[in-house]
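Chemist:
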Amino acid sequence: MSRSLTTHQYQGISRERKPGQKMKGSGDVVAGTTTAEAPLPTQLDWKFSQVFGERTAGEEVQEVDIISAIEFDKSGDHLATGDRGGRVVLFERTDVRNHASRKDLEMDGDPIGRHPEFHYKTEFQSHEPEVQEKKVKKIAEMNIHASENGSIASSSTTTSTSYLPNGACAVIPHNHLSTDLSYPSGCSASLRLPVVTSQDTCLIARCRRIYAHAHDYHINSISNNSDGETFISADDLRINLWNLEISSQSFNIVDVKPANMEDLTEVITSAEFHPTHCNMLAYSSSKGSIRLIDLRQSALCDNHSKILDEREAPGSRSFFTEIITSISDIKFAKDGRYLLSRDYMTLKVHSPYYSRVICLVSLHLCNISRATVIFWHT
């Protein structure tokens with residue numbers, strides 16, 4: 001079965017199935033296909049969708065099919081998505097890459113030959129329904145053995161690790177017999193022996209560990225450490241540090257919960273490890289600030305090493321400014337020199353070394369002004 005997606009044809013991410021056939025464990029999700037002969041557009045036509053495939057007007061969307069998380073691996077060759085049904089779907093890039101780097105092609109003025117194309121690789125159930133919802137909130141790549149792909153996925157209050165061993169899987173049909181057999185003299189020609197043949201390649205996801213009962217509030221972030229041994233999980237008030245090999249114990253490294261909850265003024269919205277320095281991490285808050293902390297300073301990082309915050313004029317903050325300045329996500333650049341943050345109205349590029357914003361991009365201001373979508377959330 002062939003399932004594919006491209007960035008220029010589908011709304012969101014598309015999976016293909018044969019007419020009248022349902023994808024195992026994925027509801028009634030359908031999609032189209034692309035062919036190599038299809039003309040390439042002059043530019044990408046970006047559209048937003050939270051379900052696989054294109055939907056007709058008025059078509060009902062199942063709650064479990066809504067995509068709630070999406071993440072590329074570091075190479076960009078694999079793409080993982082998670083939905084509200086607790087499933088993680090893995091796609092693999094299959095188009096032929098240009099031999100020259102993107103930077104060289106841009107300097108030479110040559111356009112990119114074709115848009116990336118990703119084909120369905122495998123899917124697995126990351127979380128089962130318990131007391132908490134099984135919606136996948138976050139996905140992160142794991143640095144593990146070269147022969148395996150790994151991922152960490154989190155639901156509301158539980159985190160799990162899954163491994164995908166690479167390699168061929170022997171498929172043995174019932175009474176599979178080889179037809180090319182020679183028989184020594186004196187043996188019966190009617191004797192047939194079953195022969196195992198490798199007919200297909202399959203991936204089987206294995207849940208290695210479940211890290212539970214460490215969060216009282218909804219998990220909003222998970223991030224792997226560059227040391228390959230630890231990761232963090234963050235909720236609204238706390239950030240916990242885990243060892244990948246130990247699922248029964250975690251260490252609380254950030255706690256912003258006040259003694260009296262009525263004094264609570266801000267919550268943690270996102271957290272991310274530095275890509276190269278295993279002792280550094282950053283977390284953002286609902287007040288629009290980003291704090292950098294150093295794990296070498298103390299076991300409980302109550303005090304930050306540096307804060308990235310834009311000072312506002314006294315009295316300028318209101319109910320609506322608190323909504324639009326809340327940071328929804330942060331990401332370090334690959335080399336760790338820059339930090340990107342996303343709030344409701346803007347995308348900002350920060351320089352952690354100079355504690356200032358070096359680039360600000362306003363997003364969707366016209367669309368937001370025309371539509372009453374400020375209170376929409378997923």
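Following full-length UniProt numbering, the numbering of the sequence shown begins with 1 at its first residue and continues without gaps.
No residue lacks a Cβ here, since even glycine has one placed at the ideal position from N, Cα and C.
Being a predicted model, the structure only gives us computed values, none of them experimental.
Can you give the Cα-Cα distance for E123 and I232, rounded to whole angstroms?
Modeler: Computed Cα separation, rounded: 24 Å.
Chemist: Cα-Cα, which of N252, I307, H274 and E54 is closest to S226?
Modeler: The shortest C-alpha separation from S226 is found at H274.
Chemist: Per DSSP, which one or two residues make a beta bridge with D73?
Modeler: In the DSSP output, where bridge partners are listed per residue, D73 has none listed.
Chemist: Is the beta carbon of Y283 closer than 8 Å to that of A271?
Modeler: Contact flag set, yes.
Chemist: If you follow the beta strand (DSSP E) that R296 is part of, which residue opens it and which one closes it?
Modeler: Counting along the chain, R296 falls outside any beta strand (DSSP E), and DSSP gives it neither H nor E.
Chemist: By Cβ distance, which residues of its chain are closer than 6 Å to V89, with the 5 residues on each side in sequence left out?
Modeler: Correct list, in chain order: T81 and E123.
Chemist: Would the beta-carbon of N224 fall within 8 Å of that of A140?
Modeler: Cβ atoms of N224 and A140: closer than 8 Å.
Chemist: Could you say which of S326, S355 and Y353 lies nearest to T346 if we only look at CA atoms?
Modeler: Measuring from the Cα of T346, the nearest candidate turns out to be S326.
Chemist: If we count the other Cβ atoms within 10 Å of its Cβ and call it buried at 16 or more, is L264 buried or exposed?
Modeler: Under this definition L264 is an exposed residue.
Chemist: When you compare only the Cα positions, how much space is there between V361 and K331?
Modeler: Answer to the nearest angstrom: the Cα atoms are 16 Å apart.
Chemist: Closest by CA to A69, which one among D83, V61 and V267?
Modeler: The candidate whose alpha carbon is nearest that of A69 is D83.
Chemist: Name, in chain order, the residues that DSSP records as bridge partners for residue 392.
Modeler: The requested residue 392 is not part of the displayed model; the chain covers only 1 to 378.
Chemist: What is the DSSP secondary structure of D227, counted as helix, strand or coil?
Modeler: In this structure, D227 counts as coil in the three-state DSSP scheme.
Chemist: Determine the burial state of L295: buried for a count of at least 16 other Cβ atoms within 10 Å of its Cβ, exposed for fewer.
Modeler: The residue is buried, with at least 16 neighbouring Cβ atoms inside 10 Å.
Chemist: For L66, tell me which candidate among D329, G53 and N303 has the shortest Cα-Cα distance.
Modeler: It should be pointed out that residue 66 corresponds to Ile in this sequence rather than to Leu. With distances taken between Cα atoms, I66 lies closest to G53.
Chemist: For R87, count the other beta carbons within 10 Å of its own beta carbon; 16 or more makes it buried, fewer makes it exposed. Which is it?
Modeler: When all chains shown are included, R87 counts as buried.
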